[in-house]
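Engineer: Numbering of the sequence shown is given in the numbering used here, commencing with residue 8 and proceeding in unit increments. For every residue, glycine included, the Cβ atom is placed at its ideal position computed from N, Cα and C. Sharing a structure below in structure tokens format, with a few things to ask.
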Amino acid sequence: MSPAQEIARRRTFAIISHPDAGKTTLTEKFLLYGNAIHLAGTVTARKNQRATASDWMELEKQRGISISSTVLQFDYAGCAVNLLDTPGHKDFSEDTYRVLTAVDAVVMVIDAAKGIEAQTRKLFEVCRRRGVPIFTFMNKCDRPTRNALELLDELETVLGLQSSPVIWPLGNGPSFRGVFDRRSREVHLFERVAGGKFQAPVNVTSLEDPAVRAKLDDYTFDQVTEQLAMLDGAGHPFDLAAIRAGQQTPVYFGSAVNNFGIQLLLDGFLQDSIPPQPHKSASGGNETLAGRSSVTVGSEPAAARSIPVDYPKFSAFVFKIQANMDPKHRDRIAFVRICSGKFERDMTVIHQRSGRTIRLSSSHKLFGQDRETVDEAWPGDVIGLVGHDSFRIGDTLTEDKSIRYDEIPRFPPEVFTFIANPTPSDAKKFRAGLEQLLQEGVVQSITLRAGMTTSTLLAAVGTLQFEVVQWRLQAEYGAESRLDVSPWSLMKWLAPADPAQKLPDPSLFLVPSGVAFGSDKLDQTVALFPSEWTMRYFAEKNPAVRLHDLPLEQTTL
Numbered sequence: 008m009s010p011a012q013e014i015a016r017r018r019t020f021a022i023i024s025h026p027d028a029g030k031t032t033l034t035e036k037f038l039l040y041g042n043a044i045h046l047a048g049t050v051t052a053r054k055n056q057r058a059t060a061s062d063w064m065e066l067e068k069q070r071g072i073s074i075s076s077t078v079l080q081f082d083y084a085g086c087a088v089n090l091l092d093t094p095g096h097k098d099f100s101e102d103t104y105r106v107l108t109a110v111d112a113v114v115m116v117i118d119a120a121k122g123i124e125a126q127t128r129k130l131f132e133v134c135r136r137r138g139v140p141i142f143t144f145m146n147k148c149d150r151p152t153r154n155a156l157e158l159l160d161e162l163e164t165v166l167g168l169q170s171s172p173v174i175w176p177l178g179n180g181p182s183f184r185g186v187f188d189r190r191s192r193e194v195h196l197f198e199r200v201a202g203g204k205f206q207a208p209v210n211v212t213s214l215e216d217p218a219v220r221a222k223l224d225d226y227t228f229d230q231v232t233e234q235l236a237m238l239d240g241a242g243h244p245f246d247l248a249a250i251r252a253g254q255q256t257p258v259y260f261g262s263a264v265n266n267f268g269i270q271l272l273l274d275g276f277l278q279d280s281i282p283p284q285p286h287k288s289a290s291g292g293n294e295t296l297a298g299r300s301s302v303t304v305g306s307e308p309a310a311a312r313s314i315p316v317d318y319p320k321f322s323a324f325v326f327k328i329q330a331n332m333d334p335k336h337r338d339r340i341a342f343v344r345i346c347s348g349k350f351e352r353d354m355t356v357i358h359q360r361s362g363r364t365i366r367l368s369s370s371h372k373l374f375g376q377d378r379e380t381v382d383e384a385w386p387g388d389v390i391g392l393v394g395h396d397s398f399r400i401g402d403t404l405t406e407d408k409s410i411r412y413d414e415i416p417r418f419p420p421e422v423f424t425f426i427a428n429p430t431p432s433d434a435k436k437f438r439a440g441l442e443q444l445l446q447e448g449v450v451q452s453i454t455l456r457a458g459m460t461t462s463t464l465l466a467a468v469g470t471l472q473f474e475v476v477q478w479r480l481q482a483e484y485g486a487e488s489r490l491d492v493s494p495w496s497l498m499k500w501l502a503p504a505d506p507a508q509k510l511p512d513p514s515l516f517l518v519p520s521g522v523a524f525g526s527d528k529l530d531q532t533v534a535l536f537p538s539e540w541t542m543r544y545f546a547e548k549n550p551a552v553r554l555h556d557l558p559l560e561q562t563t564l
């Protein structure tokens, strides 16, 4: 197979949803239909059943939720599929945001009984900013749901996203009998399968078939007929170009837990979604540890440009780091998205941030916690590189020193806590564990101005991330920890109001009680506020300072 054919058959996508909309269940069913697993586990696993394949961390199995993003890879219908299972829990959106930088398309799962929920909206905004194509799956149609036309209307009014239904439900709740494919004009009748463990048998026929009519009561048949006529007359026509541009979403209905409509969604997604797309190389080439650009092409700094997927030289970026996926080996995996060229095991590449040449020898294809050695990979693939302690989230690996990807945004934290070591004899284990978790990006740390406290201030998007830090410190490093409440609820980055001036020393500011100053991992000055009022007061009394919601490298000053 030629390089162009290998690239064209790649499909790299993530599934996003509000918690409990059925995202992890849908992931399992994709694997079932892709023959990657033969028996679907249940998220709330019984004693004699296995846990969900994509949930590998013990804490995930205990809680029945996804906490850490996982890569699952399988071949299906001629496509090489890279499926990134992401945390749906509201407290893990930062890890989810980072994963969305490594995908070319997204499947958005919505609970058809609840419609669009807060977390879905937040994740959708990240996808919209990147122009990622979105495929929508209305889940749980085997339970009582909202009116299907209302759900379509909500997509347009709440998300501003044009919708075009591909698969339409026949009834809902107890009267749900299958789905209608609007493109092939065929009805797919489904039978329930115990526990959803095996692929549901399917009968394909037309809406006019007497067998279909016999399955539907008069009310459901009349309602479906009327809805389909309305969609054919007034609905948005299916527009593949608009879908691939992220301006329209094809909508599928079904039930993941009962395997209703899963194969139709998987087939439709792989047919209509996009192969790997070009990524932008930032200007300036290599960024050194001091944060200054050091690589030039000729006598000029490398200009920002788009790197095509068929560019012959290898390039990739690290979007996630995970330690101790295999407790027996205490190893560290860097998840890497390949953007151009061909990956070959034992190849040497430039680690842009440090400028060093590195051999990529321990490379793995991943399936949840399981892994196998991979000898070659192509743009669109996600591989795991084991044992490189110098790798950080956002790092570029490349054969062309003029390429530097700047794909990973940072996100403003919403909750803060102090973490301390209550056992002096465990100080070494505590420091090593906390340092590793900070490198993974599980939480952020803020360095407060000298003399404020000896404890480390942690910052995160959600409080459950703090629990994970404590759990992993204890489980993986044998170190106990103590969380202490912090008085702050808001953090802003500080910059001079006049870009030509320097930021004044914080000791010169007029500061209300309770405000503190510190620096983030890039040494940018931040202010911590206990309330909205103190933040507004500070802004009013210090006009020479501008407060920013986002880190300064993501802000137009």
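Look at the Cβ atom of K287, then the Cβ atom of F321, and state whether they are nearer than 8 Å.
Structural biologist: Cβ distance not < 8 Å, so K287 and F321 don't count as in contact.
Engineer: Output yes or no for whether 8 Å exceeds the beta carbon distance between F267 and V173.
Structural biologist: Taking 8 Å as the Cβ cut-off, F267 and V173 do not qualify as a contacting pair.
Engineer: Can you have a look at Q284 and say buried or exposed, based on whether 16 or more other CB atoms are within 10 angstroms of its CB?
Structural biologist: Q284 comes out buried.
Engineer: Could you tell me the distance, in whole angstroms, from the CA atom of A241 to the CA atom of R312?
Structural biologist: If I take the Cα positions, the gap works out to 42 Å.
Engineer: My assumption, with CB atoms under 8 Å, is that I365 sits in contact with H358. Please give the rounded CB distance.
Structural biologist: Yes, they are in contact, since the Cβ atoms of I365 and H358 sit about 5 Å apart, within 8 Å.
Engineer: I want to know whether the segment 433-449 touches the segment 506-519 - three or more CB-CB distances under 8 Å.
Structural biologist: Short answer: they don't touch.
Engineer: Considering only the alpha carbon of each residue, which of R136, V165, L392 and F418 lies closest to G469?
Structural biologist: G469 has its Cα closest to that of F418, out of R136, V165, L392 and F418.
Engineer: Pull up the distance between the alpha-carbon of R18 and that of V316, whole angstroms please.
Structural biologist: When rounded, the distance between both Cα atoms is 13 Å.
Engineer: Return helix, strand or coil for E13, following the three-state DSSP convention.
Structural biologist: Note: E13 maps to helix in three-state DSSP.
Engineer: Going by DSSP, what residues sit across from D396 in a beta bridge?
Structural biologist: DSSP, once it has assigned bridges, lists no residue as partnering D396.
Engineer: Can you give me the Cβ contacts of E487 inside the same chain, cut-off strictly under 7 Å, excluding the 5 residues immediately before and after it?
Structural biologist: P429, T430, D433 and Q481.
Engineer: Alpha carbon to alpha carbon, how far is R339 from D274?
Structural biologist: Rounded to the nearest angstrom, the two C-alpha atoms are 35 Å apart.
Engineer: Please classify T405: is it buried, with 16 or more other beta-carbons within 10 angstroms of its beta-carbon, or exposed?
Structural biologist: Its Cβ being crowded by 16 or more others within 10 Å, T405 is buried.
Engineer: Just grab the DSSP bridge partners of C86 for me.
Structural biologist: According to DSSP, which records beta bridges pairwise, C86 is partnered with Y83.
Engineer: Whole angstroms is fine: what's the gap from V41's alpha carbon to S262's?
Structural biologist: For the record, residue 41 in the displayed sequence is Gly; it is not Val. Taking the straight line from one Cα to the other gives about 17 Å.
Engineer: Which class does I365 belong to by DSSP, given the choice of helix, strand or coil?
Structural biologist: Note: I365 maps to strand in three-state DSSP.
Engineer: Which of helix, strand or coil does DSSP assign to W175?
Structural biologist: Looking at W175 - three-state DSSP - the assignment turns out to be strand.
Engineer: Shortest alpha-carbon distance to S397 belongs to which of Y412, E421, F425 and S361?
Structural biologist: Comparing Cα positions, the closest option is S361.
Engineer: What is the DSSP secondary structure of Y318, counted as helix, strand or coil?
Structural biologist: Looking at Y318 - three-state DSSP - the assignment turns out to be coil, as it is neither helix nor strand.
Engineer: Starting from E193, trace the beta strand (DSSP E) in both directions and tell me its first and last residue.
Structural biologist: Note, E193: beta strand (DSSP E), E193 to F197.
Engineer: Confirm, please, whether the CB-CB distance from F142 to S24 is below 8 Å.
Structural biologist: No, they are not a contact pair.
Engineer: Secondary structure at D27, three-state DSSP: helix, strand or coil?
Structural biologist: Of the three classes helix, strand and coil, the one that applies to D27 here is coil, per DSSP.
Engineer: What would DSSP say about S288, mapped onto helix, strand or coil?
Structural biologist: Correct three-state label for S288: strand.
Engineer: Just curious, the alpha helix (DSSP H) that M542 is in, first and last residue?
Structural biologist: From DSSP, the alpha helix (DSSP H) with M542 extends over E539 to K548.
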